[in-house]
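Under UniProt numbering, the first residue of the sequence shown carries the number 1, and numbering increases by one thereafter. Backbone N, C-alpha and C fix where the C-beta goes; we use that ideal spot for every residue, glycine too. Note sheet for the following structure.
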Amino acid sequence: MNPNQPPRRKTAFNEEFDVMQAIQEDRMAYHASIACHERCVHNYFFNNFYWREKTCMENCLDKINQATVITNINYGKFEDVESKK
1 MNPNQPPRRK
11 TAFNEEFDVM
21 QAIQEDRMAY
31 HASIACHERC
41 VHNYFFNNFY
51 WREKTCMENC
61 LDKINQATVI
71 TNINYGKFED
81 VESKK
């Protein structure tokens, strides 16, 4: 959204959409942490080096977070284009 534009009026649909978007983001964050945990935790059981699991988790979550940021940027551009129509 362009910072020079006045903020959009919140309709009931937009408020509901914002709530649903927040819920979906929470679900995705939970899913990402579980997926990374499942991918990385087997390293901990086969060798006793916690730092390897921790490094794996950090790298995995960073990559998922980076993909999420790129997706949000692209979606923001899409919303800007749609609002100009």
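Integer-rounded CB distance, given that residue j should sit under 8 Å from residue i
i   : j   : result
I64 : A32 : 4 Å
M20 : C40 : Actually they are not in contact, since the Cβ atoms of M20 and C40 sit about 30 Å apart, beyond 8 Å.
Where residue i sits in the DSSP three-state scheme
i   : result
T71 : helix
E79 : helix
K54 : helix
K85 : coil
Residue environment, residue i, which counts as buried when at least 16 other CB atoms sit within 10 Å
i   : result
V81 : exposed
M1  : For M1, the pLDDT reaches just 48, beneath the cut-off of 50, and the residue's location in the model is therefore unreliable, although a value from the coordinates is still provided. The residue is exposed, with fewer than 16 neighbouring Cβ atoms inside 10 Å.
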